[in-house]
Each structure stands twice: as structure tokens, then as C-alpha cells.
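Chains as they are written, first to last, in the UniProt record's numbering: chain A, 1 to 195; chain B, 1 to 195.
Note that the Cβ used here is the ideal one computed from N, Cα and C, for glycine as well.
Given the structure is predicted, the values throughout are model-derived calculations rather than measurements.
Presented below is the structure to which this report refers.
2 protein chains.
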Amino acid sequence: MARKTGSHSDITGPKVREAALALFAQHGFAAVSMRQIAAEVGVQAGALYLYTKDKQSLLYDLMQAHMDDLLAAWEVEPKGDGALAHLEAFARFHIRFHLERPDAVFIAYMELRNLSDENFAAIEALRRRYEGELEAILRAGQAEGVITAPDIRLTTMALIAMLTGVNTWYREGGRLSRDAVADIYWDMVRGAVGA
Amino acid sequence: MARKTGSHSDITGPKVREAALALFAQHGFAAVSMRQIAAEVGVQAGALYLYTKDKQSLLYDLMQAHMDDLLAAWEVEPKGDGALAHLEAFARFHIRFHLERPDAVFIAYMELRNLSDENFAAIEALRRRYEGELEAILRAGQAEGVITAPDIRLTTMALIAMLTGVNTWYREGGRLSRDAVADIYWDMVRGAVGA
DNA sequence: GTCTATAGACTGATAGAC
DNA sequence: GTCTATCAGTCTATAGAC
Numbered sequence: 001m002a003r004k005t006g007s008h009s010d011i012t013g014p015k016v017r018e019a020a021l022a023l024f025a026q027h028g029f030a031a032v033s034m035r036q037i038a039a040e041v042g043v044q045a046g047a048l049y050l051y052t053k054d055k056q057s058l059l060y061d062l063m064q065a066h067m068d069d070l071l072a073a074w075e076v077e078p079k080g081d082g083a084l085a086h087l088e089a090f091a092r093f094h095i096r097f098h099l100e101r102p103d104a105v106f107i108a109y110m111e112l113r114n115l116s117d118e119n120f121a122a123i124e125a126l127r128r129r130y131e132g133e134l135e136a137i138l139r140a141g142q143a144e145g146v147i148t149a150p151d152i153r154l155t156t157m158a159l160i161a162m163l164t165g166v167n168t169w170y171r172e173g174g175r176l177s178r179d180a181v182a183d184i185y186w187d188m189v190r191g192a193v194g195a
Numbered sequence: 001m002a003r004k005t006g007s008h009s010d011i012t013g014p015k016v017r018e019a020a021l022a023l024f025a026q027h028g029f030a031a032v033s034m035r036q037i038a039a040e041v042g043v044q045a046g047a048l049y050l051y052t053k054d055k056q057s058l059l060y061d062l063m064q065a066h067m068d069d070l071l072a073a074w075e076v077e078p079k080g081d082g083a084l085a086h087l088e089a090f091a092r093f094h095i096r097f098h099l100e101r102p103d104a105v106f107i108a109y110m111e112l113r114n115l116s117d118e119n120f121a122a123i124e125a126l127r128r129r130y131e132g133e134l135e136a137i138l139r140a141g142q143a144e145g146v147i148t149a150p151d152i153r154l155t156t157m158a159l160i161a162m163l164t165g166v167n168t169w170y171r172e173g174g175r176l177s178r179d180a181v182a183d184i185y186w187d188m189v190r191g192a193v194g195a
């Protein structure tokens with residue numbers, strides 16, 4: 001398993017994605033140059049093309065990895081029994097997961113228009129699958145009679161917007177802990193669906 | 001009041017802002033060139049600088065005009081009697097106002113990071129003033145005992161995120177009218193604050 | 001008020017040396 | 001695997017003609 005001197009592919013690859021994530025989140029995809037990313041990693045611009053086909057693919061890979069993480073994490077999240085427990089699990093999971101990776105979340109929401117058409121469609125499909133998870137919970141809750149919602153699809157979108165909104169104002173070390181925030185948001189979610 | 005041939009300052013100025021608004025919303029501030037804006041208006045790139053100091057000011061002017069419109073429109077909005085009527089008026093106003101100008105809303109949320117520090121501070125101050133309007137309503141509602149909210153500031157942010165979220169999915173001519181959407185969202189707002 | 005022309009700098013991506 | 005050098009194109013903003 002000896003490795004050539006100067007061979008850092010297993011280190012540089014992740015570093016490229018990390019640097020791109022941070023820079024895209026801060027300045028926006030279009031405003032960041034490949035040279036900036038390279039400088040952050042500590043290589044020359046040309047070297048980046050060993051790790052990504054082009055700038056567009058770099059963005060797409062970041063967004064896809066984020067959505068995959070999200071779906072995989074929700075899949076293994078403990079959900080409790082009954083639709084109401086499911087809903088609570090979803091609300092707390094969503095806030096926790098999103099607060100843990102603000103840069104990726106920011107990019108996933110803000111840079112959709114910088115994706116090529118086919119890349120956009122792929123990310124959009126993953127997003128819909130995630131929304132579908134909440135939608136299914138709400139439908140189950142309605143079937144069980146534990147929630148009231150005149151339009152499930154609309155309630156789905158409203159709740160996700162509300163929960164994701166935490167990322168726009170929450171600051172680490174602020175007035176409230178993540179758990180305290182989640183408690184209050186869960187109360188609001190419950191109220192919004194008449195539970 | 002005779003006007004020189006070729007003098008279109010009163011027409012071209014607004015057209016520049018309209019074109020910039022549409023293009024920034026579609027492609028993002030950093031991805032749009034002054035040449036693109038000029039082409040949309042029907043002039044050469046150099047002529048744009050008769051109407052804006054630079055690209056940054058163009059963005060700032062659009063965002064400031066949007067926030068000024070928002071605050072002015074809310075100021076003259078009929079609000080009814082009591083905190084609960086106020087809250088309903090705010091929810092319906094917010095949805096209606098934001099759905100009427102999706103491009104400006106999109107830019108006001110997505111392009112904050114492309115503002116210079118002082119321009120950012122100015123826009124942020126206007127945004128806080130708008131948030132303060134809802135916050136005051138919620139505090140009044142709590143004082144009247146008609147709503148329940150463990151943390152007013154947090155409820156403010158949650159409700160604004162939820163209401164603004166309509167813009168991300170609403171499509172003209174879709175399944176629901178604006179009024180029907182507003183009805184359902186008002187129900188959710190009321191539930192979220194325990195009214 | 002708008003044009004053309006241009007400055008000076010930056011862009012994404014590639015080729016070839018090591 | 002990374003570097004240097006470079007291509008061909010883009011960018012914002014300005015100067016000066018009309």
C-alpha cells in the first residue's frame with residue numbers, strides 16, 4: 001500500500017469539496033472562482049480538475065451528497081409509534097439535521113438555478129422524496145384522526161418552510177439551545193396541524 | 001417641455017431596473033452581466049451607467065425599493081380591531097404582497113450576500129423593522145390573552161418563514177387561488193400561536 | 001442620451017513538464 | 001499529483017465621438 005510522494009488524492013479530494021462548500025455558501029456559486037477554491041485548498045487551479053469534471057459538477061456533487069445524507073439520516077432516525085410521534089420525530093430531526101450543516105443547506109436552497117437542467121431535475125427529485133416523507137406522515141395522522149389539515153400538500157410545504165427557517169436566524173451560543181428551539185417549534189407544528 | 005431626440009431617460013431608467021430585477025431573479029446577481037441587462041433594455045452596456053453608479057448600486061436600489069414598498073404597503077393596510085384581527089391582516093397581507101412580486105422577494109432573500117457591508121446593514125435594518133411589526137402584534141396578542149407563545153421573537157421568525165415559503169411553491173393558475181391559500185395559511189398561523 | 005472602443009483584469013479549462 | 005503557462009473568452013467601468 002505504499003503511496004507515491006506528493007500523492008494526496010485521498011486528502012485533497014475531500015478538501016476540495018469542503019473548500020467549495022464553504023466558499024459557495026459564503027459568496028455564491030457564480031461569484032466563486034476555481035482559483036479561489038484552489039487557493040483555499042493549497043493547490044493550483046489546474047489541480048482541481050483531477051477531482052471534478054468542471055465547476056458545475058462540483059456544485060452538483062455537493063448538493064447531491066447533501067440530499068443523500070438527508071434521506072439516509074431520516075431513514076435510520078427512530079420514529080416512535082403513531083403518526084403524532086412520527087411528526088414530532090420529523091420536526092426535531094429536520095431542525096437538528098439542518099442546523100448541523102448550515103452551509104450545505106444554504107447551497108441546496110440557493111444554488112438550484114445554477115444547476116444544469118438535468119442536474120436540477122435530479123436534485124428536485126430527491127427533494128420531493130423528502131417532502132413526501134412528511135406528506136405521508138400527515139396523511140397517516142389525518143387517517144388516524146389525530147391531526148386536522150384542509151390540504152396536506154400545502155401543510156407539508158408550510159411546515160418544511162417553517163422548520164428550515166430556523167437556519168436563517170439561529171446562531172450557536174445564542175439565547176436558546178437547539179433542544180429548546182426544537183421544543184418550541186414542535187409546539188408550533190402541533191398547533192398548526194390542530195393536534 | 002420639448003425633449004431632445006434620443007432622450008429617453010424617463011423610459012430607460014425604469015426599464016433598466018425592470019430588466020435587472022428579472023435577470024437577477026432568474027440567474028442570480030453574480031451570474032448576470034451588465035451586457036445582458038443592456039441587451040434586454042435595448043441599449044449598449046455603457047449607457048447603463050447613466051442610470052446607476054455601478055452594478056452593486058443597481059442591486060441595492062432594487063432591494064431597498066422592495067423593502068420600502070413592503071413597509072409602506074403594510075402601513076396603509078386595514079388592520080381591524082384587536083390583536084387577532086391584526087394578526088390575520090398581517091398574514092393575509094404578507095402572502096398577497098409577496099405573491100404579487102416574486103422576483104423582488106427572491107432577490108431580497110437570495111442576494112443579501114452580494115451587498116456591500118453598509119448596503120447590507122441598511123437592508124437588514126428595513127427587514128428588522130418589518131419583523132418588528134409582526135412581533136408587536138404577537139406581544140399585543142399575548143397581553144390580551146388571545147394567543148399563546150413561549151417565545152415571541154422565535155414565533156415571529158417561524159411565522160414569517162412559513163408565510164414567505166408560499167412563494168417557493170405557488171404557481172399562478174394552479175390548484176388553489178391566492179385567497180384559498182391565504183385562508184389555509186391563516187388557519188395554520190392561528191393554530192401555531194394557540195389562538 | 002447613446003454609441004463605439006477599449007483599458008485592465010479576471011474567468012474556466014487544458015497541455016505538457018516534472 | 002501537482003505545477004506552470006496559456007488560450008480564448010468574459011467581465012466592469014470609463015473615455016470620447018456624435
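Which whole-angstrom value describes the C-beta separation of residue i and residue j, a residue pair presumed to lie in contact below a C-beta threshold of 8 Å?
i, j, result
"TRP169 of chain B", "ALA91 of chain B", "With a Cβ gap of about 17 Å, TRP169 of chain B and ALA91 of chain B do not count as contacting."
"ILE11 of chain B", "LEU23 of chain B", "ILE11 of chain B to LEU23 of chain B, Cβ: 18 Å. No contact."
"LEU84 of chain A", "VAL189 of chain A", "Wrong, their Cβ atoms sit about 10 Å apart, outside the cutoff."
"GLU77 of chain A", "ALA89 of chain A", "6 Å"
"MET182 of chain B", "ILE95 of chain B", "Checking the sequence shown, residue 182 of chain B turns out to be Ala, not Met. Confirmed, Cβ separation roughly 5 Å."
"ALA30 of chain A", "ALA39 of chain B", "Between ALA39 of chain B and ALA30 of chain A the Cβ distance is about 18 Å, and since that is not below 8 Å, they are no contact."
Using beta-carbon positions only, say whether residue i and residue j come within less than 9 Å of one another.
i, j, result
"GLY132 of chain A", "ALA195 of chain A", "no"
"ARG113 of chain B", "GLN26 of chain A", "yes"
"LEU154 of chain B", "LEU154 of chain A", "no"
"ALA108 of chain A", "VAL166 of chain B", "no"
"GLY174 of chain B", "GLU111 of chain B", "no"
"ALA192 of chain B", "GLY191 of chain A", "yes"
"MET67 of chain B", "LEU134 of chain B", "no"
"TYR51 of chain A", "GLY13 of chain A", "yes"
"PHE93 of chain A", "ALA73 of chain A", "yes"
Please list the partners that residue i has in chain B, where partner means a Cβ-to-Cβ separation under 9 Å.
i, result
"ILE184 of chain A", "ALA149, PRO150, ASP151, LEU154, THR155, ALA158"
"ALA140 of chain A", "None at all; the shortest Cβ gap to chain B is about 19 Å."
Out of curiosity, what's the CA-to-CA distance linking residue i and residue j?
i, j, result
"SER116 of chain A", "ALA122 of chain A", "10 Å"
"THR156 of chain A", "ALA136 of chain A", "9 Å"
"SER33 of chain A", "GLN56 of chain A", "12 Å"
"LYS139 of chain A", "ASP81 of chain A", "Strictly speaking, residue 139 of chain A in this sequence is Arg, with Lys absent from that position. If I take the Cα positions, the gap works out to 15 Å."
"LEU71 of chain A", "TYR130 of chain A", "6 Å"
"GLU144 of chain B", "GLY145 of chain A", "32 Å"
"ARG178 of chain A", "GLU124 of chain A", "28 Å"
"LYS4 of chain A", "VAL41 of chain A", "Because the pLDDT at LYS4 of chain A is just 42, under 50, the model does not fix this residue reliably, and the point stays unresolved."
"LEU58 of chain A", "ARG17 of chain A", "7 Å"
"ASP151 of chain B", "ALA180 of chain A", "10 Å"
"ALA45 of chain B", "TYR60 of chain B", "19 Å"
"ALA104 of chain B", "PHE97 of chain A", "30 Å"
"MET1 of chain A", "HIS8 of chain A", "In this prediction, MET1 of chain A scores a pLDDT of 38, lower than 50, which makes its location untrustworthy; the coordinate-derived value is nonetheless stated afterwards. Roughly 14 Å separates the two Cα atoms."
"GLU172 of chain B", "MET63 of chain A", "28 Å"
"VAL43 of chain B", "LEU163 of chain A", "45 Å"
"THR148 of chain A", "ILE184 of chain B", "11 Å"
"ASP54 of chain A", "PHE120 of chain B", "32 Å"
"GLU75 of chain A", "LYS15 of chain A", "28 Å"
"ALA20 of chain B", "LYS79 of chain B", "34 Å"
"PHE106 of chain B", "GLU118 of chain B", "21 Å"
"TYR69 of chain B", "ARG35 of chain B", "The sequence as given places Asp at residue 69 of chain B; Tyr does not occur at that position. For ASP69 of chain B and ARG35 of chain B, the distance between alpha carbons rounds to 28 Å."
Note down, in chain order, every chain A residue with its Cβ under 8 Å from the Cβ of residue i.
i, result
"ARG113 of chain B", "GLN26, HIS27, GLY28"
Using the beta-carbon of each residue, which ones in chain A are nearer than 7 Å to residue i?
i, result
"GLY194 of chain B", "GLY191"
"TRP169 of chain B", "MET157"
"ASP54 of chain B", "Within chain A, no residue comes near ASP54 of chain B; the closest Cβ sits about 15 Å away, beyond 7 Å."
I want to verify the contact list: residues of chain B whose CB lies under 8 Å from the CB of residue i, in sequence order.
i, result
"MET110 of chain A", "MET110"
"VAL181 of chain A", "LEU154"
What does residue i reach in chain A if we use C-beta pairs closer than 9 Å?
i, result
"ALA125 of chain B", "Going along chain A, no residue has its Cβ under 9 Å from ALA125 of chain B, so there is no contact; the nearest lies around 16 Å."
"LEU31 of chain B", "In the sequence as displayed, the identity of residue 31 of chain B is Ala instead of Leu. Under the 9 Å cutoff, chain A gives GLY28, PHE29, ALA30, ALA31, ARG113, ASN114."
"GLY173 of chain B", "Simply none; closest approach about 16 Å."
**Prompt:** Which parts of the segment 52–130 of chain B are runs of the alpha helix (DSSP H), unbroken and 4 residues or longer, counting only runs that do not cross its ends?
**Reply:** As far as the segment 52–130 of chain B is concerned, its whole alpha helix (DSSP H) runs of at least 4 residues are 55–75, 82–100, 102–110.
**Prompt:** Of all the beta strand (DSSP E) runs that stay within the bounds of the segment 162–189 of chain A, which reach a length of 3 or more residues?
**Reply:** For the segment 162–189 of chain A, not a single whole beta strand (DSSP E) run of length 3 or above is found.
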